[in-house]
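Visitor: Residue numbers (the working numbering): 38 to 544.
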Amino acid sequence: MNATKKIRSALVSVFSKDQLEPVIKKLDELNVHLYSTGGTKEYIEKLGVAVTSVESLTGYPSILGGRVKTLHPKVFGGILGRGDNENDQDQLREYEIPQFDLVIVDLYPFEETVASGAPEQEIIEKIDIGGISLIRAAAKNFKDVLVVSSRDQYADLLRLLNEKQGETGFEDRKQYAGEAFNISSHYDSHIFNYFDDNKGSALKVSVRESRKLRYGENPHQEGHFYGNLDKMFGQLWGKEISYNNLLDIDAAVGLINDFTETTFAILKHNNACGIASREDLTEAWTAALAGDPVSAFGGVLITNRTIDAATANEMNKIFFEVSIAPGYDKDALEILKAKKNRIILVLKDSNLQKRNLRSVLNGFIGQDRDTKTESSDDLSVVTKTAPDQEQFRDLLFANKLVKHTKSNAIVLVKGKQLLASGVGQTSRVDALQQAIEKAKHFKFDLQNAVMASDAFFPFADSVEIAGKAGITAVIQPGGSVRDQESVDYCDQHGMSMVTTGFRHFKH
38 MNATKKIRSA
48 LVSVFSKDQL
58 EPVIKKLDEL
68 NVHLYSTGGT
78 KEYIEKLGVA
88 VTSVESLTGY
98 PSILGGRVKT
108 LHPKVFGGIL
118 GRGDNENDQD
128 QLREYEIPQF
138 DLVIVDLYPF
148 EETVASGAPE
158 QEIIEKIDIG
168 GISLIRAAAK
178 NFKDVLVVSS
188 RDQYADLLRL
198 LNEKQGETGF
208 EDRKQYAGEA
218 FNISSHYDSH
228 IFNYFDDNKG
238 SALKVSVRES
248 RKLRYGENPH
258 QEGHFYGNLD
268 KMFGQLWGKE
278 ISYNNLLDID
288 AAVGLINDFT
298 ETTFAILKHN
308 NACGIASRED
318 LTEAWTAALA
328 GDPVSAFGGV
338 LITNRTIDAA
348 TANEMNKIFF
358 EVSIAPGYDK
368 DALEILKAKK
378 NRIILVLKDS
388 NLQKRNLRSV
398 LNGFIGQDRD
408 TKTESSDDLS
418 VVTKTAPDQE
428 QFRDLLFANK
438 LVKHTKSNAI
448 VLVKGKQLLA
458 SGVGQTSRVD
468 ALQQAIEKAK
478 HFKFDLQNAV
488 MASDAFFPFA
498 DSVEIAGKAG
508 ITAVIQPGGS
518 VRDQESVDYC
528 DQHGMSMVTT
538 GFRHFKH
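(1) Alpha carbon to alpha carbon, how far is residue 128 from residue 70?
(2) Please confirm whether residue 462 has its beta-carbon closer than 8 Å to some beta-carbon of chain D.
(3) Just to confirm my understanding: we take residue 251, look at its own chain, exclude 5 residues before and 5 after, and list those with CB closer than 7 Å. What are they?
(4) Give the range of the beta strand (DSSP E) segment to which residue 381 is assigned.
(5) Report all residues from its chain with a CB closer than 7 Å to the CB of residue 334; omit the five preceding and five following residues, and keep chain order.
(6) Pick helix, strand or coil for residue 89, following the three-state DSSP scheme.
(7) Between the C-alpha atoms of residue 221 and residue 74, what's the straight-line distance to the nearest angstrom?
(8) Taking the alpha carbon of residue 211 as the point to measure from, which residue in 381, 460, 42 has its own alpha carbon closest?
(9) Which residue wins for smallest C-alpha separation from residue 131, given the options 230, 108, 115?
(10) So what's residue 235 in DSSP terms, helix, strand or just coil?
(11) What are the start and end residues of the beta strand (DSSP E) that includes residue 466?
(12) Answer with buried or exposed for residue 248, where buried requires no fewer than 16 other C-beta atoms within 10 angstroms of its C-beta.
(13) Over the uninterrupted alpha helix (DSSP H) stretch that includes residue 545, give me the two end residues.
(14) CA-CA distance, residue 455 and residue 372?
(15) Given that a residue counts as buried once 16 or more other Cβ atoms are within 10 Å of its Cβ, and exposed if not, what is residue 190?
(16) Could you tell me how far apart the beta carbons of residue 224 and residue 113 are, in whole angstroms, since I believe they sit closer than 8 Å?
(17) Please classify residue 213: is it buried, with 16 or more other beta-carbons within 10 angstroms of its beta-carbon, or exposed?
(18) Determine the direct distance from the alpha carbon of residue 493 to that of residue 297, and round the result to whole angstroms.
(19) Which residue spans inside the region 179-224 form an unbroken beta strand (DSSP E) run of at least 3?
(20) Please state the DSSP three-state secondary structure of residue 418.
(21) For a test of the three-state rule: what should DSSP assign to residue 229, helix, strand or coil?
(22) Write down the C-beta distance between residue 487 and residue 447 rounded to the nearest angstrom, noting that I regard them as a contact closer than 8 Å.
(23) Measure the CB-CB distance between residue 143 and residue 170 and report whether it falls below 8 Å.
(24) Given a cut-off of 8 Å on the beta-carbon distance, is the pair residue 77 and residue 51 in contact?
(25) Which residue wins for smallest C-alpha separation from residue 305, given the options 320, 288, 321, 316?
(26) Rounding to the nearest angstrom, what Cα-Cα distance links residue 121 and residue 40 in this structure?
(27) Whole angstroms are fine: how far does the CA of residue 167 sit from the CA of residue 151?
(28) Out of 179, 441, 501, 485, which one is the CA nearest neighbour of residue 470?
(29) Quick one: residues in its chain with C-beta nearer than 6 Å to the C-beta of residue 461, no 5 flanking neighbours on either side, listed in chain order?
(30) Quick one: grab the DSSP three-state call for residue 56.
(31) Can you tell which of 160, 268, 126 has the C-alpha that lies nearest to the C-alpha of residue 228?
(32) Ordered along the chain, which non-local residues of its own chain (more than five positions away) have a Cβ less than 6 Å from that of residue 263?
(33) Report all residues from its chain with a CB closer than 7 Å to the CB of residue 517; omit the five preceding and five following residues, and keep chain order.
(34) State the beta-bridge partners of residue 395 as determined by DSSP.
(35) Would you call the region 172-179 and the region 88-95 touching, i.e. three or more CB-CB distances under 8 Å?
(36) Go ahead and pull the three-state DSSP assignment for residue 304.
The structure is reproduced here in structure tokens:
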């Protein structure tokens, strides 16, 4: 094995020429013989650098509208020829095939073309054939060839060329080969998913970016995040985001996405322990904190408005892990930066994944994200008494919240403020009793409060308990064979009930 190799000839075939110029000029400085075709060849020539056309090497022109350019034994032989194999070397000499030490490829932008909403024929034409074949061939023969498979690697390639003056080490080539297969498999996964068209016939998930986390859910577990957080957030301050932070941040963004009014929420272990909507942001914060000032300790805070200095002063009075907002006033940011480990995030993009995936047993389960947010048009009044205008507002508020609460879930709301919730209980009655007890502990008056349930009531016991606690309006999906028992109880005690027809289990 020849650990170090000198780059003497290179094949360059790229879609994007961005940032390529310094690489080409460095290769020219190192007296590397360049081969290229089509637009890439013209680009190199305009730089004043000598380049040999692939067509002159193969004896064939680019044909079929550019679909076939590099697919030829004189190209692939030069890439796949093994330097330590005498038969390979004899055949290369016999057929006058130059051996390539470097292959630079940038694939057609298939993923970006699909995302743009382009017509199908344009998408199909962006399925790269020659480029992907060049990448796989060069990566397979990494013992002899360095493969650069993305424009994102041009800067690192230039660094390598400058540091080693045109030589590559075995580990360099192997590392680049690994990234090449990362890119090629990612590319093929997106092509399959396009043709599968959400049929779910197989699971192909590919994310190229990865970051190692300090640990997983617990210190003895290893954890990674796969994705690009920088697209969603700008981190202005604080320590590295942890595995558990990410779970809470995901829950927080999903929750705040359902609110358009000025709203502040506090989350702990993926559930809201406080949330309120007000015209004034500081008032929204104060009302949200009142929902459970104990659980707010170490929580994740999120709002859909720019945080001002007055609100930041109030937030700064408690210990919290993460703050998320679309922006921060200058003075507010300085106030919040008082704690060095406090994570301060600017939410740039609130679009979450459209599908949820979880590992189960020896496989995975997947489903569409629950994006249904009920409006007044979805509500059916099923009792003799209808909710008044204020109750309707609170019912819709509560229903948004219960959707984002672990099942079995009950949420109690009054004046667009979470009074208390019962979360993750094995029975709906237990969830309700937990919520009532918690509301009383924090001195909330439940008279004329409303209740939301994530699923139907199998018996009338829940509405009976709620009514005796002072709750006067209920929202639930409906659908139980014994729905009428709950409706009858409400009618007998002057309570109102609306059904939505949509269940919101969350496990």
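Virtual Cβ for every residue (Gly too), placed ideally from N, Cα, C.
Guide: Checking against the coordinates, here is how it stands:
(1) Distance between the alpha carbons of residue 128 and residue 70: 21 Å.
(2) The structure shown contains no chain D; it holds only a single protein chain.
(3) 277, 279
(4) Where residue 381 is concerned, the enclosing beta strand (DSSP E) stretches over 380-384.
(5) 355, 356
(6) strand
(7) 21 Å
(8) 42
(9) Nearest option by C-alpha distance: 115.
(10) coil
(11) Segment 465-478 is the alpha helix (DSSP H) holding residue 466; no beta strand (DSSP E) there.
(12) exposed
(13) In the structure as shown, the chain starts at 38 and stops at 544, and residue 545 therefore has no counterpart that could be examined.
(14) 27 Å
(15) Answer is buried; the Cβ neighbour count reaches 16.
(16) The Cβ separation is near 19 Å, so there is no contact.
(17) buried
(18) 27 Å
(19) 183-185, 204-206
(20) Strand at residue 418.
(21) Three-state result, residue 229: helix.
(22) The pair is not a contact, with the Cβ atoms about 11 Å apart (cut-off 8 Å).
(23) no
(24) yes
(25) 288
(26) 12 Å
(27) Looking at the two C-alpha atoms, the distance is approximately 20 Å.
(28) With distances taken between Cα atoms, residue 470 lies closest to 501.
(29) 443
(30) Residue 56 falls in the coil class under three-state DSSP.
(31) 160
(32) The answer, listed in chain order, is 244, 247.
(33) 493, 494, 495
(34) 402
(35) no
(36) strand
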